[in-house]
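Number of protein chains: 2
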Amino acid sequence: MAKAAKLADVAKAAGVSQGTASNAFNRPELVRPEVRERVEASARALGYGGPDPKGRLLRAGKVNAIGVVVMDHLGYFFRDPFNREFMAGLSEVCDELGAGISLISAMDQKSAAWTIETAVVDGFVVQCLDQGDRLIELAKRRKLPFVAVDLDPGPGAGFISIDDRRGAREAAGHLLALGHRRFAILALELVGDGRVGPVDRERRLAAAYQSTRDRLLGYGDALAAAGISIDEVPIVESLNDSEAATGAATLLDLAPHATAVLAMSDVLAIAVVNEARKRGIDVPGQLSVVGFDDVAEAAATTPPLTTVHQPIAEKGRLAAHMIFDRGPPRRELLPVRLVIRGTTAPPPPDPPTAP
Amino acid sequence: MAKAAKLADVAKAAGVSQGTASNAFNRPELVRPEVRERVEASARALGYGGPDPKGRLLRAGKVNAIGVVVMDHLGYFFRDPFNREFMAGLSEVCDELGAGISLISAMDQKSAAWTIETAVVDGFVVQCLDQGDRLIELAKRRKLPFVAVDLDPGPGAGFISIDDRRGAREAAGHLLALGHRRFAILALELVGDGRVGPVDRERRLAAAYQSTRDRLLGYGDALAAAGISIDEVPIVESLNDSEAATGAATLLDLAPHATAVLAMSDVLAIAVVNEARKRGIDVPGQLSVVGFDDVAEAAATTPPLTTVHQPIAEKGRLAAHMIFDRGPPRRELLPVRLVIRGTTAPPPPDPPTAP
DNA sequence: ATCGGTGTATGAACCGGTTCATTAGTCCAA
DNA sequence: TTGGACTAATGAACCGGTTCATACACCGAT
């Protein structure tokens, strides 16, 4: 018993052809009960644990699994509420179709390349703010269905995104309509270089991440329409994890007179609200805050967060469908919608001494 | 061009043997640069995207991926802090080894069976409170390395757990040492039937989930040593998600005179602290709370949570190693340790009118 | 001239199944 | 008795690669 038994061995032991043995396992109704019985007995006797998926796979062609390329450290990935909801939506569809999900960590480019080349999947979903061009390239080379989320992969691949610019415009528009004139922006990463802190004009224009850039443009649109140049608005760049608190503090230090904060994610917005509370600044009495994404937490905070809703879970569902529905790559732009809750109000009537 | 090109086609087009073509891709140093060049050119011309992992897989035997069997809905899975840290530890090792992670949702038994039987993985990690005997059975049948976490799979499979009973004993012991005498317990699910709310003696003794039962035993040990019978202690069973708030409220209603709450998870403990705050009960001044697990959130709440630390990420790392290190199945019991932070203090000096 | 290396390419044997066109056998009706 | 219809089982052709023993050519050393 040097090697594990295989289907052929079982078949021989049961005195049937391999094809019959295969049927006994996969299409029992095609095989006489008595024979099936015999095959199963031989299998037990030989310690055969059922057909090896590796073999089946080769024949079947389809793997029935979708690879999710994760750019961040998986620890962070599991922590981020956006990813959570996205994955929940995606896995909903996978569950339905009985498909699996493979997490492909793309932390370092070297091993990521190998992983992407060898991942046994039917297609890839890349969910990255990161430029990730190289990874997209790699994935495309495998000629598998491929969907990018929130980052335009160019023609030849699926693309799911939202109208970031419009959402941002609505967020800023809402605050303007309330009467706000002094803004501050807490931005997501503009470039993948790990830099955080105050953003000058040059860096702002160098924004590489698509959603960050578009949201910035959207804010700018609305502000410009009200005669405010975004160049005058203090902007701070922050990571979207536990470091968000630091970003929020930096922003409030930098813009003590702002009456409204435009945060590019709910995580950031919540950090701002917390930081404000810590400083005794009333939200929304003295400071209005608008988030972005409308993650589950947004509705649960006190006060509940005014934010731009985007259909995160739907993005996940759509991504899964785009992988499994054969067909030409599609490009989908999902709607956004401002959700007004409790963190926005008119600015305080009494300006704190601004010239 | 009815079918996609395969390695054999590329080889023929380049005028080399298939073996050489294979080497050109996988072991370039074994092939003359000029020939490799030619192979690559043919590949491009034929639109060949590199060797198909499905083929390689069959030959290689190893898949280089580990299947994580998830009992809960994936949405919940991604939400739970315990899972997050566990997965972070597990994926740390996988990253190191360049291995992938397959999420296998085992929500409904029927499709779960199929998924487990056909998952292309080198081994399974089952992380379930659920009895899940059936799934364990299925996984075992595939004769793949197999590790169960927090649930004894019996001989023939790996097992990672902690000394739940001891941890619980220490938690209760700490409160007793502080002088507490009136306890209440907020328990995780005892049985997988979805029932929640007050627990009577009968149900307590029927506890099926291993960690729940052991923690209950541990609490009982310590209390008994102090002359308190666990039969007199109000116990409420609760889900470990957003419903935890409900459980906490039920418990405080049921045991208004308790000065100390033993919570079986940090999520539950935090829910108790929040509920207490909402009712104007000071923690730890009027009510002490001890959690279990020591998830990341535990140290970040105000006040920081006194809890029983268990090495969650280490469990994940160990699980991954046990899958990839060939060898006989091991059984590991990891240490726990009481971490005293800010939610425990001596009981209020003035008993509220107890007989 | 012979021998032992070294560097490349070849062919064929796997890897472990699934599938499908046939064949063999059985039953019933004409 | 023949034919048609239906059920079971067979055998061989894939699925797409990797690997390894072998062969060949060319080299310097003996």
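Chains A and B are the protein sequences, given in the same order. The first sequence runs 11 to 365 under the numbering used here. The second sequence runs 11 to 365 under the numbering used here. Glycine residues also receive a C-beta, built at the ideal position from the N, C-alpha and C atoms. Just so you know, these numbers come straight off a predicted model, no measurement behind them.
- Secondary structure at residue 23 of chain A: helix, using DSSP grouped into helix, strand and coil.
- Annotated three-state conformation of residue 344 of chain B is strand, per DSSP.
- Secondary structure at residue 247 of chain B: strand, using DSSP grouped into helix, strand and coil.
- Non-local beta-carbon contacts of residue 80 of chain B in its own chain, meaning distances under 7 Å to residues more than five positions away in sequence, involve 87, 113, 114, 115 and 116 in chain order.
- The residue among A:332, A:15, A:304 and A:20 with its C-alpha nearest the C-alpha of residue 177 of chain A is A:304.
- In the three-state reduction of the DSSP assignment, residue 356 of chain A falls in the coil class.
- For the region 96-122 of chain A, the residues whose beta carbon sits under 7 Å from a beta carbon of chain B are, in order, 97, 98, 101, 105, 108, 110, 111, 112, 113, 114, 115, 117 and 121.
- Restricted to the region 200-280 of chain B, the beta strand (DSSP E) segments that are unbroken, complete and at least 3 residues in length are 245-247 and 270-273, listed in chain order.
- Apart from the 5 residues on each side of it in sequence, residue 145 of chain B sits with its Cβ closer than 7 Å to the Cβ of 79, 116, 122, 126 and 136 in its chain, given in chain order.
- Residue 277 of chain A and residue 306 of chain B have their C-alpha atoms roughly 17 Å apart.
- Per DSSP, reduced to three states, the secondary structure at residue 303 of chain A is strand.
- Burial is judged here by how many other beta carbons sit within 10 angstroms of a residue's own beta carbon; residue 109 of chain A has at least 16 and is buried.
- Within the region 283-314 of chain B, the residues whose Cβ lies closer than 9 Å to some Cβ of chain A are 306 and 310, listed in chain order.
- For residue 319 of chain B, the enclosing beta strand (DSSP E) covers residues 317-319.
- Interface with chain A (9 Å Cβ-Cβ cutoff): residue 14 of chain B is included.
- Ranked by how close their Cα comes to the Cα of residue 210 of chain B, the residues B:242, B:181, B:237 and B:203 have B:242 in first place.
- At a C-beta separation below 7 Å, residue 88 of chain A has these neighbours in chain B: 88, 94, 97 and 98.
- Residue nearest to residue 94 of chain A within the set B:97, B:93, B:95 and B:89 is B:89 (criterion: CA-CA distance).
- Counting only runs that start and end inside the region 130-203 of chain A, the alpha helix (DSSP H) elements of at least 4 residues fall at 143-151 and 174-188.
- By DSSP's assignment, residue 112 of chain A forms a beta bridge with A:77 and B:112.
- Between the region 164-179 of chain A and the region 333-343 of chain A, the count of Cβ pairs shorter than 8 Å is three or higher; the stretches touch.
- Collapsing the DSSP output to three states places residue 349 of chain A in a strand.
- Residues of chain A with a Cβ closer than 7 Å to the Cβ of residue 68 of chain B are, in chain order, 64, 65 and 68.
- Legend: CB atoms of the region 123-156 of chain A lying less than 7 Å from CB atoms of chain B belong to residues 124, 125, 127, 128, 129, 130, 151, 152 and 153.
- Annotation for residue 319 of chain A: 304, 346, 347 and 349 place their beta carbon closer than 7 Å to its own, counting only its chain and skipping 5 residues before and after.
- When the Cα atoms are used, residue 161 of chain A and residue 221 of chain A turn out to be separated by approximately 8 Å.
- Of all residues in the region 231-253 of chain B, none has a C-beta nearer than 7 Å to a C-beta of chain A.
- With its beta carbon less than 9 Å from one in chain B, residue 74 of chain A belongs to the interface.
- If you draw a straight line from the Cα of residue 46 of chain B to the Cα of residue 204 of chain A, it is about 39 Å long.
- For a Cβ distance threshold of 9 Å, residue set 97, 98, 100, 101, 102, 104, 105 and 111 of chain A lies close to residue 84 of chain B, ordered along the chain.
- For the pair residue 312 of chain A and residue 99 of chain A, the Cα-to-Cα distance works out to about 26 Å.
- With a threshold of 9 Å between beta carbons, residue 177 of chain A makes no contact with chain B.
- The alpha-carbon separation between residue 84 of chain A and residue 97 of chain B amounts to approximately 8 Å.
- Selection B:317, B:274, B:321 and B:297 evaluated against residue 359 of chain B yields B:297 as nearest (Cα-Cα).
- In this chain, residue 39 of chain A is not harboured by any alpha helix (DSSP H), its DSSP state being neither H nor E.
- Under the DSSP assignment, residue 107 of chain B falls in the alpha helix (DSSP H) whose first and last residues are 91-107.
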